Each structure stands twice: as structure tokens, then as C-alpha cells.
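All remarks here apply to the structure that follows.
Residue numbers (the numbering used here): 65 to 361.
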């Protein structure tokens, strides 16, 4: 039998376990105590260059403790030492609100904290159940959220079905010769409570754009964000879609941020009117963050 390393009087013998089992004439019964088995497992946390030391301790255990309480083969014990550590999983799932706020912080976005200071967020390509979807055109397949952060803990106050993109009609018949507006994901402080006037004259209370935002023009009707970025005042308001079905934006999506139902939109506005900052200042300018769903971890 070959030894994997030479040893001196002051050096532990390192046994090549594979040779022990490959050569029947040298095979012997090996045992290891429970304490040394646990010690071996602790070497999972050591760097790779320390594994030889772990194997040495295991073999020393075999030689010095023949009457151990737990019988384990040498090859198995060494495999335990050589096995890479397993990542520790969190005890609970991270909530949607936590993921959103964590992402906002990672991007350097402003996060409003304190009771009654709401963060308005749109997540593109996400269903009400928090699952991602294919983000197909002309559908209310995005989310409008209101998130509150109290004592460092994000809380999802409310969520609603919405769209952040223009539908088929206004993509094919844009209000601007350069194409339908598609907002650029990011954070903008740009909306005040006021009135949105649709093409049909159906005025509705809404968040009205009063400051500049950025986005793209879908000149070639690809339903994609590409090309030049435009920044300015484009009447990109936050209104409702008059209870249209999930799979049809109709005439209610020309680039605005649209909540699907009128009841949900009214709930959204009442929440914003209870915001501590709006109570102090009626012309308070609200901040809104637009996030691509697949950006969230």
C-alpha cells in the first residue's frame, strides 16, 4: 500500500483512504467517534488549503479511538470534509415591499420614511400575486404600489393593477409625430394632485405631471424602449382606465401611468390625500418610482 505523504516522529500520518479500499489485503475496519465527526464537519468553513489538516485529524481519530460509538468509513468522513459549505437560506421569504425598498436603495433612489409618508411605485411586468408575467403589450399587467417605511420596516399599504406603457391604439396612432411615449424606468418628482382630461372629455381627479420626466418615443412601433431619450413635460399623468378588462388598455393608455379600475384609483388618491406632506402643502409634488419587475431580487 502506498502512503499519500511521508511523516516523521512529530508529524501525523496522512492515510490515502482510496488505497485502503482498493487493496483488499490492506483493508481494515475503521471507526470514528461522534465528536471527531463533528470536528471534521467544522472544517467546511476553512479555506481549501486547510483541507489536508482536516483529513489528518480524521485519520488520527481512526488510529487512536478503535472503540468509538459511531462507525463511519474513512472515505465517507474525508468526503464530508471536502464537501463545500451549503449556503444558509433565510428563515422566511422577503416581502415584496422589502424587495422594492432594497432595490430603491441600491439604485440611490430616495426612500420616504415615517408614518403617512408614502412611496409611490410602479412595477412593470408583475401580477397582483407578485409573480412576474410576460409583460405583453396592451394589457394591465403592471402594478401600482403604495409603500410605507416605519422604523426601517417596509410595509405594503396597498397594490392595484395598472399599466406603465401605451396600448396598441396609441402606439399605432401616437399623439406625437415621434411616436408614443414610453417612460424611462427610474424615479421622478413630478406629479401633483389635479385633473386629467382624456380625449373624450372625461375629466377625472389624478396625479398630474408638473415637472420634467424622461422616456422614449416608439417611432417604429416596436413596443420597446430604444433610441433617443426625451426629457420634458408630456402630460404623462396618473389616472384610471375606466374599469377596462385586464387584456385591453383601449384608449386609456397613451403613455400615462394608469390604474385599471376607477374604484382602485379613488382609493389611491384618498391615500395620497392622507399623506402627511400633502396635508401640510396642497401643491406638494409627489415622487414616483418605475421599476422593471425582473430587476427585483
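In this text, a Cβ means the ideal position worked out from N, Cα and C, and glycines have one as well.
The model shown is predicted, which means the values in this text are computed figures rather than measured ones.
Task: Cβ pair count under 8 Å reaching 3, the segment 339-349 against the segment 297-311 - done: no
Open item on the list: Between 221, 168 and 293, which has its C-alpha nearest residue 181's C-alpha?
Closed with: Counting from one through the chain shown, the residue named residue 181 turns up at place 117. Distances from the CA of residue 181 to each of 221, 168 and 293 were compared; the closest alpha carbon is that of 221.
Task: Identity of the residues DSSP links to residue 208 by a beta bridge - done: Stepping through the chain shown from its first residue, residue 208 is reached at position 144. The partner list for residue 208 (beta bridge, DSSP) reads 186 and 224.
Open item on the list: Quick check on the DSSP output: the beta strand (DSSP E) that includes residue 256 runs from which residue to which?
Closed with: Position 192 of the chain shown holds residue 256. Where residue 256 is concerned, the enclosing beta strand (DSSP E) stretches over 250-260.
Task: Buried or exposed (CB count within 10 angstroms, at least 16 for buried), residue 290 - done: Reading the chain shown from its first residue, position 226 is the one you call residue 290. Label assigned to residue 290: exposed.
- [ ] Drop a sphere of 10 angstroms on the beta-carbon of residue 346, count the other beta-carbons inside from all chains shown, and report buried for 16 or more, exposed for fewer.
- [x] Counting from one through the chain shown, the residue named residue 346 turns up at place 282. By the neighbour-count rule (16 or more Cβ atoms within 10 Å), residue 346 is not buried but exposed.
TODO: Determine which residues share a DSSP beta bridge with residue 304 and list them.
DONE: The sequence position of residue 304 within the chain shown is 240, counting from 1. In the DSSP output, where bridge partners are listed per residue, residue 304 has 323.
Task: residue 231 and residue 354 closer than 8 Å at C-beta - done: Counting from one through the chain shown, the residue named residue 231 turns up at place 167. Counting from one through the chain shown, the residue named residue 354 turns up at place 290. Not closer than 8 Å, so no.
Task: Residue interval of the beta strand (DSSP E) (run including residue 246) - done: In the chain shown, residue 246 corresponds to position 182, counting from 1. 244-247 is the span of the beta strand (DSSP E), which, as asked, contains residue 246.
TODO: Return the first residue and the last residue of the alpha helix (DSSP H) that residue 164 is part of.
DONE: Here residue 164 is taken as the residue at index 100 of the chain shown, counted from 1. First-last of the alpha helix (DSSP H) with residue 164: 160-170.
Task: Residue from 322, 160, 174 and 284 whose Cα sits closest to the Cα of residue 196 - done: The residue labelled residue 196 in the question sits at position 132 within the chain shown. With distances taken between Cα atoms, residue 196 lies closest to 160.
Task: When 259, 273 and 228 are compared against residue 200, the one with the closest alpha-carbon - done: Counting from one through the chain shown, the residue named residue 200 turns up at place 136. If we check each option's Cα against that of residue 200, 228 comes out closest.
- [ ] Can you give me the Cβ contacts of residue 223 inside the same chain, cut-off strictly under 6 Å, excluding the 5 residues immediately before and after it?
- [x] Indexing the chain shown from 1 puts residue 223 at position 159. Cβ neighbours of residue 223 beyond the five flanking positions: 207 and 209.
Task: Sequence-distant residues of its chain with Cβ nearer than 7 Å to residue 240 (five each side left out) - done: The residue given as residue 240 occupies position 176 in the chain shown. Same-chain partners within the cutoff: 281.
Open item on the list: Looking only at its chain, what residues have a beta carbon closer than 6 Å to the beta carbon of residue 335, apart from the 5 residues adjacent to it on each side?
Closed with: Taking the chain shown and counting its residues from 1, one reaches residue 335 at position 271. Counting only Cβ-Cβ distances below 6 Å, and skipping sequence neighbours, we find 210.
Open item on the list: Taking the straight line between their C-alpha atoms, what separation do you get for residue 244 and residue 198?
Closed with: Residue mapping note: residue 244 aligns to position 180 of the chain shown, counting from 1. Residue mapping note: residue 198 aligns to position 134 of the chain shown, counting from 1. If you take the alpha carbons of residue 244 and residue 198, they lie about 21 Å apart.
TODO: Tell me residue 218's beta-bridge partners as DSSP assigns them.
DONE: Stepping through the chain shown from its first residue, residue 218 is reached at position 154. In the DSSP output, where bridge partners are listed per residue, residue 218 has 213.
Open item on the list: Please return the same chain residues whose Cβ sits closer than 7 Å to the Cβ of residue 165, not counting the five positions on each side in sequence.
Closed with: Position 101 of the chain shown, counted from the start, is the residue given in the question as residue 165. Once the five neighbours on either side are set aside, the close Cβ partners of residue 165 are 175, 211, 213 and 218.
Task: Beta-carbon proximity check, residue 255 vs residue 235, cutoff 8 Å - done: The sequence position of residue 255 within the chain shown is 191, counting from 1. The sequence position of residue 235 within the chain shown is 171, counting from 1. Not closer than 8 Å, so no.
Open item on the list: According to DSSP, simplified to helix, strand and coil, what is residue 268?
Closed with: On the chain shown, residue 268 is found 204 positions in, with the first residue counted as 1. In this structure, residue 268 counts as strand in the three-state DSSP scheme.
- [ ] Would you decide whether residue 295 is buried or exposed? Buried here means 16 or more other CB atoms lie within 10 Å of its CB.
- [x] One-based indexing of the chain shown puts residue 295 at position 231. Around the C-beta of residue 295, fewer than 16 other C-beta atoms lie within 10 Å, and the residue is accordingly described as exposed.
Task: Start-to-end residues for the beta strand (DSSP E) that takes in residue 355 - done: Counting from one through the chain shown, the residue named residue 355 turns up at place 291. From DSSP, the beta strand (DSSP E) with residue 355 extends over 350-356.
TODO: Might you give, ordered along the chain, the residues of its own chain that have their beta carbon closer than 8 Å to the beta carbon of residue 170, omitting 5 neighbours on each side?
DONE: Residue 170 sits at position 106 when you count from the first residue of the chain shown. Apart from sequence neighbours up to five positions away, no residue of its chain approaches residue 170 with a beta-carbon distance below 8 Å.
TODO: Measure the CB-CB distance between residue 259 and residue 277 and report whether it falls below 8 Å.
DONE: Counting from 1 along the chain shown, the entry for residue 259 is found at position 195. Counting from 1 along the chain shown, the entry for residue 277 is found at position 213. Result no, Cβ atoms of residue 259 and residue 277 do not sit closer than 8 Å.
Open item on the list: Given a cut-off of 8 Å on the beta-carbon distance, is the pair residue 300 and residue 320 in contact?
Closed with: Position 236 of the chain shown holds residue 300. Position 256 of the chain shown holds residue 320. In contact: residue 300 and residue 320 (Cβ atoms closer than 8 Å).
- [ ] Look at residue 351 and residue 184 and say whether their C-beta atoms are less than 8 Å apart.
- [x] If you number the chain shown from 1, residue 351 lands on position 287. If you number the chain shown from 1, residue 184 lands on position 120. Contact flag set, yes.
Task: Environment of residue 205 [buried if 16+ CB atoms lie within 10 Å] - done: Position 141 of the chain shown, counted from the first residue, corresponds to residue 205. Classification for residue 205: buried.
Task: Assigned secondary structure, residue 235 (DSSP; H/G/I helix, E/B strand, else coil) - done: Counted from its first residue, the chain shown places residue 235 at position 171. If DSSP states are grouped into helix, strand and coil, residue 235 belongs with the helices.
Task: Helix, strand or coil at residue 196 [DSSP, three-state] - done: Reading the chain shown from its first residue, position 132 is the one you call residue 196. Note: residue 196 maps to strand in three-state DSSP.
Open item on the list: For residue 192, count the other beta carbons within 10 Å of its own beta carbon; 16 or more makes it buried, fewer makes it exposed. Which is it?
Closed with: Position 128 of the chain shown, counted from the start, is the residue given in the question as residue 192. Under this definition residue 192 is an exposed residue.
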